[in-house]
Amino acid sequence: MKLLNRTLIAVAVSAGMVGVASAKDLVVVSWGGAYTASQQNAYHAPYMANNPDITIVNDDSAGGAVAKLRAMQEANNVTWDLVDMVASDAILSCDEGLVIEIDHNAVLAAAPDGTPALEDFGDLVVSPCFIPQIVYSTTFGYRTDKVGDTPPTSINDIFDLDKYPGKRALQKKPINNLEWALIADGVPADKVYEVLGTEAGVAQAFAKLDTIKDSVIWWDKGAQPPQLLADGEVTIASAYNGRLFSVIEEEKQPIAMMWDWQVFDLDGWVVPAGGKNEADVLAYLNFATDTQRLADQAKYISYGPARASSAPMVGKHKDLGIDMAPHMPTSPAYAEHTLLYNYEFWADNIDDLTESFQAWLTN
Amino acid sequence: MANTTTNSPLVTVDGTPLKVSLGRAKRKAKLRALLLVAPLFAFILLTFFVPIISMLLRSVDNEVVSYTLPNTAPLLSQWDASSGEIPGEAVFKALAADFKESAEDKYDDKSAGKVGRRLNYELTGFSSMFRKTARKSKKFEPPYKEAFIKAEKKWGDPKYWQVMQREMRKATDSYYLAAIDAGYDSEGNRAFNEPGKRVYLKLFWRTFWMSGLITGLCLLLAYPVAYLLSILKSRTSNMLMILVLLPFWTSLLVRTSAWIALLQKEGVINSLLVATGMLDDANRLLMIHNKAGTIIAMVHVLLPFMILPLYSVMKTIPPSYMRAARSLGATPFTAFTKVYMPNTIPGIGAGAILVFILSIGYYITPALVGGQSGTLISNLIAYHLESSLNWGLAAALGAILLAATFALYLVYDKIVGIDNMKLG
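Those protein sequences? They're chains A and B, same order as listed. Sequence positions in the first sequence follow numbering that gives the first Met the number 0 and run 0 to 362. Sequence positions in the second sequence follow numbering that gives the first Met the number 0 and run 0 to 423.
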């Protein structure tokens, strides 16, 4: 009996080893929900069809991924192969040595016309560790039934409680809110970070926010503002443009978008240092971030592809059949007033200004 | 004959003294008992105490700076910070060597960016200063002083050097200072932050009084329910018990979201009040995204933790006690306060401690329904753990919370007595 057991175990173990040798699991960490679904459809599924020996396993724990990555590295057991992060977190992880630096032109595919990857992505490569994937924006949604015949058109309307009474929903962090407050207070957009770098500028921004403080519901999670709008709890809310798209186009709620001074931010890939399948991941990235794949992702979600060469190839939504180009935050129609998240400024000031922001909220 | 037997020691059949033999048997039993608890003990030690202690140690650990800059550390300690001048070429040369080393050793814990982040907690600007310098340091040539200042002009400002010199120490108190809204001023003295920048003490205070209030409300609501459960026939009381436990089996997020749907401005309760004309449409009640929301939702979530210990204690109080008190002439009120309630104190103590300790550590519910006035200290601990990655500050805040809880526990022990607690 004992002998039989041993033989069985030996067979099982060797079968397992054979299994490992012939097929590989790549653990890809992303945000879950519609976003992971868009990546599954646009990148993972076609890649696995071309490479039957690779299996991509989705892990939906991108929220708080930097903390988890740091814990993994400290335990010397990095189990993730690829992680989806917003650019500011990628910069942080790069500083901490949690993710590897990438030679973009060597690893990634060139554009169809031969433009090298680094040039195609342009200044969206905000960190040597970061491979941009999409451009998203934090912008505004409002209830069409609560604003009368004159819908809000400018950032000033957010701060105008007489013209648009009712609650606002804003994200519970200083980023974006302070910039918007200064712009609404008359600071020219190209001077915003200069002003915000001074104590008087910070005070000015908080003073402007004070004018609506009692009418603000602060949100933490991206799912909250569309819900608050749909429930009629707030009249205007800042939200991620993709979330607003789905509540407007897919759920047909009486909500519309206001793009004035939308703030662009980036989301993309980073490769954890100490991952066990680095070569396979880089091969996957070469495919998953090429021009066609990035354009394909826009069929499933309304975020703009990060490559310049992908923009003209954006088509229709897979299920709704509507043209996706006008729903991209990068669409020229909304380009008049835009702000790009200032990574350098926020990397330095995030600790200090978050503290001020929290103190302002508490007092 | 009788004399000799009483004087000689008692022996067992094989001749060993009884005392020795008994001792041996006892030792064996003790060893067996120890072996039985050893796995649990090891489990708790490894998965509970070790991680907590190592996390708490982070609140003072500051080794990353001197470990990543080993050449600079000894030289910089000789620099006179009060001179108003930046250090000399020798320090810059050592720093250049450290930067080069960290660039080669980036994934081995020696990241210059990490030091920049660490020092940025002390003084805004270090983060980009180290990142920019690290990028350019590969090409640095002597004289290093000029090279550094050319790469990043902040190197020419003594205030950055002052902070670096201070934080070369292996253990730091700056996380604890930050956790009580203090820090170092520009002269390097410890001082409280200006009033506009104080957060944590206020939140500690808010956390404690709100937890106290939640505990009190739970007790008020749970007491009659537990009493009812304890006196009803077991068939009915089991049915009711299921109602108490049902929310327990539902996801916390679902319960919290349900409260949002009920309490919000356009929610069920407000709409009902408006529809019945009890409330004007313009004056809908604000019951969520503020303190009220946090208190209501947390009382609901934590109620079973109060009901269950109370119920288990009340179940053991014979009804004859109350009847005896009444028959001896006590009014119902006296009988309750003098006879029944003192018997339930072990349950009250257990329930109160459970609810209070759970509520000071709560963060999901306050994050979702608390808005700006209902946020608790644990929300900021979570923020520093997950988003800002300032684990030192998170650990310091956690340690203070732990110490305050211990202090309250001691007070409780003094007043009520911990032996008097009954958990079930």
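Glycine included, every Cβ here is placed at the ideal spot set by N, Cα and C.
Beyond the five residues adjoining it in sequence on each side, A:A287 comes within less than 7 Å, by CB distance, of Y42, Y46 in the same chain, given in chain order. In this structure, the CA atom of B:G14 is about 19 Å from the CA atom of B:R26. Taking 8 Å as the cut-off, the beta carbon of B:I179 is found closer than this to the beta carbon of B:L200.
Between B:G370 and B:T293, the alpha-carbon positions lie close to 9 Å from each other. A direct Cα-to-Cα measurement between B:A393 and A:D213 gives close to 29 Å.
Between B:A366 and chain A, the shortest Cβ-Cβ separation is below 8 Å. When C-alpha distances from B:W154 are compared across B:F247, B:S127, B:T364, B:Y174, the shortest belongs to B:S127.
Flagged as an interface residue toward chain B: A:C93, by a C-beta distance shorter than 8 Å.
Straight-line measurement puts the Cα of B:K92 at about 8 Å from the Cα of B:P141. The three-state secondary structure of B:K169, taken from DSSP, is coil. Note on geometry: alpha-carbon atoms of B:D184 and B:R165 lie some 12 Å from one another. In the structure shown, the three-state DSSP call for A:R167 is strand. Residue-level contact check: A:T137 does not touch chain B, since none of the beta carbons of chain B fall below 8 Å from its beta carbon. With contacts defined by Cβ atoms closer than 8 Å, A:V56 and A:V85 do not form a contacting pair. Taking A:R142 as the centre and dropping the five residues before and after it, the same chain places the C-beta of L228, G231, T234, P253, I254 closer than 7 Å to its C-beta, in chain order. In terms of CA proximity to B:F207, B:S358 leads the group B:V338, B:A170, B:S358. In the structure shown, the three-state DSSP call for A:M256 is strand.
Going by DSSP, A:N240 is part of the alpha helix (DSSP H) stretching over 240 to 244. Secondary structure of B:N237 (DSSP, three-state): helix. An exposed status is given to A:N362, since fewer than 16 other beta-carbon atoms sit within 10 Å of its beta-carbon. For A:I211, no chain B residue has a Cβ inside 8 Å of its Cβ, as the nearest lies near 12 Å away. Counted as a single uninterrupted DSSP element, the beta strand (DSSP E) harbouring B:R189 occupies residues 189 to 191.
In the DSSP assignment, B:A398 is bridged to no other residue.
By the CB criterion at 8 Å, A:Y283 and A:S87 fall outside the cutoff.
Per DSSP, reduced to three states, the secondary structure at A:D266 is strand.
DSSP, read as helix, strand or coil, puts A:V28 in strand. Here B:L301 has I213, C217, V354, L357, S358 as same chain residues with Cβ atoms under 7 Å from its own Cβ, once five neighbours each way along the sequence are excluded. Here A:K23 is bridged, per DSSP, to A:I53. At a cut-off of 8 Å between beta-carbon atoms, B:G14 makes no contact with chain A. Identification of chain B residues near A:A66 by a Cβ-Cβ cut-off of 9 Å yields L384, E385, S386, L388, W390, ordered along the chain. The way I'd put it, the stretch 199 to 216 of chain A doesn't touch the stretch 242 to 252 of chain A; fewer than three beta-carbon pairs between them come closer than 8 Å. Collapsing the DSSP output to three states places A:Q261 in a strand. Below 8 Å, too few C-beta pairs join the stretch 318 to 329 of chain B and the stretch 185 to 201 of chain A to call them touching: fewer than three.
DSSP links A:P304 through a beta bridge to A:I133. Rounded to whole angstroms, A:P151 and B:H288 show a C-alpha spacing of 25 Å. Per DSSP, the beta-bridge partners of A:I235 are A:Y141, A:R167.
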